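**Q** All letters in the sequence shown, in the order written, are residues 814 to 1256 by my numbering.
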Amino acid sequence: MEACGHMVLICPAESTLTPGRGSSLTTWYLSPLQPECAHMRELLPIEVAECIIDASRTSPRSLSACSLVCRSWLPRTRYHLFSSLDLSADWAPEPNAVTDFMEILTGTSAGSDSSSVPCCAATVTLVPYVTCVVLAKRSWGMTPVQTILAVLARAGIRPEILQINCPAYELRSSSPQSVGFGFPFAPSLVHLALQLHNDTFLDALVDHISSFPKLQSLEITGSARVTVREDAWPKTTALPQNLRRLVLAYPEILDWIVTSGRIRSTVDQMVIRDLETPPQWASVSRFLASEQAEGLSFLEFQNCNMDHLHSAIAPYVPSLQHLSIELSPAAPPLSASTALIRLFTTFRGMASSLEIVTLFAPTLAAFDDTEWDRLDSLFTQSHSLSLPLSQPFPALSRLRLRVRVRSPRTRDLAYDYGLPTPYVHRISAQMGAWSKGGVVLDF
814 MEACGHMVLI CPAESTLTPG RGSSLTTWYL SPLQPECAHM RELLPIEVAE
864 CIIDASRTSP RSLSACSLVC RSWLPRTRYH LFSSLDLSAD WAPEPNAVTD
914 FMEILTGTSA GSDSSSVPCC AATVTLVPYV TCVVLAKRSW GMTPVQTILA
964 VLARAGIRPE ILQINCPAYE LRSSSPQSVG FGFPFAPSLV HLALQLHNDT
1014 FLDALVDHIS SFPKLQSLEI TGSARVTVRE DAWPKTTALP QNLRRLVLAY
1064 PEILDWIVTS GRIRSTVDQM VIRDLETPPQ WASVSRFLAS EQAEGLSFLE
1114 FQNCNMDHLH SAIAPYVPSL QHLSIELSPA APPLSASTAL IRLFTTFRGM
1164 ASSLEIVTLF APTLAAFDDT EWDRLDSLFT QSHSLSLPLS QPFPALSRLR
1214 LRVRVRSPRT RDLAYDYGLP TPYVHRISAQ MGAWSKGGVV LDF
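1. Go through its chain and collect everything with a Cβ distance to threonine 956's Cβ below 8 Å, but skip five positions before and after it.
2. Could you compute how far the alpha carbon of phenylalanine 998 sits from the alpha carbon of leucine 1061?
3. Leaving out the 5 sequence neighbours to the left and right, which residues in its chain are closer than 6 Å to tyrosine 892 when beta-carbon positions are compared?
4. Going by other Cβ atoms of all chains shown within 10 Å of its Cβ, with 16 needed for buried, is isoleucine 859 buried or exposed?
5. State yes or no: is the C-beta of serine 1036 within less than 8 Å of the C-beta of glutamate 1065?
6. Which residue marks the beginning of the beta strand (DSSP E) containing glutamate 1139, and which one marks its end?
7. Please name the residue, chosen from Ser1190, Leu1191, Ser1137, that lies closest to leucine 1167 on a Cα-to-Cα basis.
8. Check the C-beta distance from proline 980 over to leucine 1002 and give it rounded, since I have them as a contact under 8 Å.
9. In this structure, how does DSSP classify cysteine 945 when only helix, strand and coil are distinguished?
10. For tryptophan 886, which option in Ala1174, Lys1027, Ser869, Gln1134 has the closest C-alpha, if you only look at C-alpha atoms?
11. Can you give me the Cβ contacts of phenylalanine 1025 inside the same chain, cut-off strictly under 7 Å, excluding the 5 residues immediately before and after it?
12. At which residues does the beta strand (DSSP E) containing leucine 1004 begin and terminate?
13. Distance check for leucine 857 and threonine 839, CA to CA, integer angstroms please.
14. What's the gap between the Cα of threonine 1159 and the Cα of valine 1253?
15. Which residue marks the beginning of the alpha helix (DSSP H) containing leucine 1112, and which one marks its end?
16. Less than 8 Å separating the beta-carbons of phenylalanine 1114 and alanine 1106?
17. Of the choices Asp1189, Ser1023, Asp1255, Ser1165, whose alpha-carbon is the least far from that of threonine 1171?
18. What are the start and end residues of the alpha helix (DSSP H) that includes glutamate 860?
19. Taking Cβ positions, are serine 1148 and alanine 1179 nearer each other than 8 Å?
20. If you count every other CB in all the chains shown that lies within 10 Å of the CB of cysteine 879, and 16 or more means buried, which is it?
21. With a threshold of 8 Å on Cβ separation, who are the neighbours of serine 896 within its own chain once the five nearest residues in sequence on each side are excluded?
22. Quick check: arginine 1187 and isoleucine 1154, are their CB atoms within less than 8 Å of each other?
23. Using beta-carbon positions only, say whether tryptophan 1069 and leucine 1015 come within less than 8 Å of one another.
24. Do you know offhand how far alanine 1143's Cα is from histidine 1010's?
25. Rounded to the nearest angstrom, how far is the Cβ of arginine 1211 from that of isoleucine 1169, given a contact under 8 Å?
26. With a threshold of 6 Å on Cβ separation, who are the neighbours of aspartate 800 within its own chain once the five nearest residues in sequence on each side are excluded?
27. Alpha carbon to alpha carbon, how far is glutamine 1082 from serine 1103?
28. So arginine 1217 is in the alpha helix (DSSP H); what residue range does that whole segment cover?
29. Ignoring anything shorter than 4 residues, give me the alpha helix (DSSP H) runs that lie fully in the segment 870 to 898, in order along the chain.
30. Looking only at its chain, what residues have a beta carbon closer than 7 Å to the beta carbon of glycine 1231, apart from the 5 residues adjacent to it on each side?
31. To which residues does DSSP link glycine 1035 through a beta bridge?
32. Please name the residue or residues paired with methionine 955 in a DSSP beta bridge.
33. Looking at arginine 967 and alanine 902, is the spacing between their C-beta atoms short of 8 Å?
34. Give the range of the alpha helix (DSSP H) segment to which leucine 1156 is assigned.
35. Tell me whether the beta-carbon of valine 940 lies closer than 8 Å to the beta-carbon of aspartate 899.
36. Does the beta-carbon of leucine 1018 have 16 or more other beta-carbons within 10 angstroms, so that it is buried, or is it exposed?
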């Protein structure tokens, strides 16, 4: 084998050696029941070993097997095993697996002092590799989120990513001593995702955001209501200076950005979700028409009621390059061509740098409508004057049409796929002006 210039791994079709797949092949290859492979494993080039480890990253069992191969395989395996720490409760009564983990991490037993020095073995094995912490499904009567975060912090864990989706989680009020409002490692976070279930006030929410100085990405969604108190406007006058990506289901935050005036937004990617009412669309309109939105290069609307789009919004975003819309699965469904007509009519002449437009529909049925020729004619006319396609959107080069299916359990899990050939042929036949104008139809 040492004389061999290269090696070919033949994988079953269902176990292609790509990240997230191939666990069955890896499990067989690393199994202790395959002693004839032991010598071969030791001689594998490091690039091949890393490929096998990466392909097994979604299978803890395969990763555990990888960690036992040899010392050189351990660091990369340990990175995948411990990079994400999911402490979701899964509605199980306590004590449960999370409780046991807290005891192992702190080196304590139930009922003892949890402030003691962390267990050395847990610290060495786990702590240096945790970059993401997930807390979900923690309800009333369970160990509070803040308590778990405090234990992780005492053990030395400093994650860069934190995701919280717990019904019992509440924002704490501001105080100079509470950096991160119960988040002991707030200074290390670069991505924060909060799903709010309990009603809160705008000033508390905004002050909460500002306590994470290194944030680059922020997601605030959920079913909670955000109320504006007239006598308690947010004291914060700036967003985190490195914030680049913002996902919001609460337009009240955009109102604060616009009203404050002094805030210079650094956000260049924005996803706006779950807009239902004209006042919510009006808040978005005010933001997009303000100087705070001038740096936006990517804008997406997810699960929004598009009936109010045309009447409520009057944007001017000269730097916008990619505009995306994900249609809501709620009834009555909106056809893809109708949604695009509203979108393009609204942004006509207001986004001179727009290069890509993407539409995601929840089902193929959204593409069954017959309005595509009307959409085609929209770009050959401007009011009563006939203008070439390039005039309203001079930089437009691509229109992407996709189906996006989301998990029924959580909206954060989704996969996309293109349109079948019959749809491609039918829509392309009705969109001749686009092709003549140099716009690529991406199905």
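Just so it is clear, CB atoms sit at the ideal spot from N, CA and C, and this is done for glycine as well.
Values in this document were obtained by computation on a predicted structure and should not be read as measured data.
**A** Based on what the coordinates show:
1. For the purposes of this step, residue 956 is identified with residue 143 of the sequence shown, where counting begins at 1. Taking C-beta separations shorter than 8 Å and ignoring five residues to either side along the sequence, the partners of threonine 956 in its chain run Glu907, Val911, Thr912, Met915, following chain order.
2. Stepping through the sequence shown from its first residue, residue 998 is reached at position 185. Stepping through the sequence shown from its first residue, residue 1061 is reached at position 248. Cα to Cα, phenylalanine 998 sits roughly 23 Å from leucine 1061.
3. As a working note, residue 892 is residue 79 in the sequence shown. Around tyrosine 892: Tyr942.
4. Taking the sequence shown and counting its residues from 1, the one referred to as residue 859 is at position 46. Residue burial is scored here from C-beta neighbours: isoleucine 859 has fewer than 16 other C-beta atoms within 10 angstroms and is therefore classed as exposed.
5. Reading the sequence shown from its first residue, position 223 is the one you call residue 1036. Reading the sequence shown from its first residue, position 252 is the one you call residue 1065. No, the pair does not count as a contact, with Cβ atoms beyond the cut-off.
6. Residue mapping note: residue 1139 aligns to position 326 of the sequence shown, counting from 1. Segment 1135 to 1139, the beta strand (DSSP E) holding glutamate 1139.
7. Here residue 1167 refers to the residue found at position 354 of the sequence shown. Selected option, being the one with the closest Cα: Ser1137.
8. Here the question's residue 980 lines up with position 167 in the sequence shown. Here the question's residue 1002 lines up with position 189 in the sequence shown. In fact, because the Cβ distance is near 22 Å, the residues do not count as touching under 8 Å.
9. By one-based count along the sequence shown, residue 945 stands at place 132. Cysteine 945: strand per DSSP, three-state reduction.
10. Walking along the sequence shown from the start, residue 886 turns up at place 73. Comparing alpha-carbon positions, the option among Ala1174, Lys1027, Ser869, Gln1134 lying closest to tryptophan 886 turns out to be Ser869.
11. Here residue 1025 refers to the residue found at position 212 of the sequence shown. If we look at phenylalanine 1025 and ignore the five residues flanking it on each side, its Cβ neighbours are Gly993, Ala999, Leu1002, Leu1005, Pro1053.
12. Locating residue 1004 in the sequence shown gives position 191, counting from the first residue. For the sequence presented, residue 1004 should be read as histidine rather than leucine. Residues 1004 to 1009.
13. Position 26 of the sequence shown, counting from 1, holds the residue named residue 839. Position 44 of the sequence shown, counting from 1, holds the residue named residue 857. Note that threonine 839 has pLDDT 42, beneath the 50 cutoff, so the model's placement of it is unreliable and no number is given.
14. Translated into positions along the sequence shown, residue 1159 becomes position 346. Translated into positions along the sequence shown, residue 1253 becomes position 440. Rounded to the nearest angstrom, the gap between the Cα atoms of threonine 1159 and valine 1253 is 21 Å.
15. To locate residue 1112, count along the sequence shown from 1; it is residue 299. Note, leucine 1112: premise wrong, no alpha helix (DSSP H); beta strand (DSSP E) at 1111 to 1115.
16. The count along the sequence shown starts at 1 and reaches residue 1114 at position 301. The count along the sequence shown starts at 1 and reaches residue 1106 at position 293. No, these two residues do not count as a Cβ contact at 8 Å.
17. Start at 1 with the first residue of the sequence shown, and residue 1171 comes out as number 358. Nearest option by C-alpha distance: Asp1255.
18. In the sequence shown, residue 860 corresponds to position 47, counting from 1. Here the alpha helix (DSSP H) through glutamate 860 covers 859 to 868.
19. Here residue 1148 corresponds to residue number 335 of the sequence shown, with the count starting at 1. Here residue 1179 corresponds to residue number 366 of the sequence shown, with the count starting at 1. In this structure, alanine 1179 lies closer than 8 Å to serine 1148 by Cβ.
20. Here the question's residue 879 lines up with position 66 in the sequence shown. In summary, cysteine 879 is buried, with 16 or more beta-carbon neighbours lying within 10 Å of its beta-carbon over all protein chains present.
21. In the sequence shown, residue 896 corresponds to position 83, counting from 1. Cβ neighbours of serine 896 within its own chain (closer than 8 Å, five residues either side excluded): Tyr942, Val943, Thr944, Cys945.
22. Within the sequence shown, numbered from 1, the residue matching residue 1187 stands at position 374. Within the sequence shown, numbered from 1, the residue matching residue 1154 stands at position 341. A contact, by the Cβ cut-off of 8 Å.
23. What you label residue 1069 is simply residue 256 of the sequence shown in a count that begins at 1. What you label residue 1015 is simply residue 202 of the sequence shown in a count that begins at 1. Closer than 8 Å, so yes.
24. Here the question's residue 1143 lines up with position 330 in the sequence shown. Here the question's residue 1010 lines up with position 197 in the sequence shown. Spanning the two alpha carbons is a distance of roughly 21 Å.
25. By one-based count along the sequence shown, residue 1211 stands at place 398. By one-based count along the sequence shown, residue 1169 stands at place 356. Between isoleucine 1169 and arginine 1211 the Cβ distance is about 5 Å, and since that is below 8 Å, they are a contact.
26. One cannot answer for residue 800 here, as it falls past the ends of the chain, which runs 814 to 1256.
27. For the purposes of this step, residue 1082 is taken as the residue at position 269 of the sequence shown. For the purposes of this step, residue 1103 is taken as the residue at position 290 of the sequence shown. Answer to the nearest angstrom: the Cα atoms are 16 Å apart.
28. Position 404 of the sequence shown, counting from 1, holds the residue named residue 1217. In this chain, arginine 1217 is not harboured by any alpha helix (DSSP H); it is covered by the beta strand (DSSP E) spanning 1211 to 1219.
29. Segments of the alpha helix (DSSP H) lying fully in the segment 870 to 898: 873 to 880, 887 to 895.
30. Numbered from its first residue, the sequence shown carries residue 1231 at position 418. Result list for glycine 1231: Arg1215, Phe1256, in chain order.
31. Taking the first residue of the sequence shown as 1, we reach residue 1035 at position 222. When beta bridges are read from the DSSP output, glycine 1035 appears opposite Leu1009.
32. Mapped onto the sequence shown, residue 955 falls at position 142. DSSP lists no partner for methionine 955.
33. Residue numbering aside, residue 902 sits at position 89 when the sequence shown is read from its first letter. Residue numbering aside, residue 967 sits at position 154 when the sequence shown is read from its first letter. Here alanine 902 is not near arginine 967, since their CB atoms are 8 Å or more apart.
34. For the purposes of this step, residue 1156 is identified with residue 343 of the sequence shown, where counting begins at 1. Counted as a single uninterrupted DSSP element, the alpha helix (DSSP H) harbouring leucine 1156 occupies residues 1149 to 1160.
35. Residue mapping note: residue 940 aligns to position 127 of the sequence shown, counting from 1. Residue mapping note: residue 899 aligns to position 86 of the sequence shown, counting from 1. Going by C-beta atoms, valine 940 is not nearer than 8 Å to aspartate 899.
36. What you label residue 1018 is simply residue 205 of the sequence shown in a count that begins at 1. For leucine 1018, the number of other beta carbons within 10 angstroms of its own is at least 16, and it is reported as buried.
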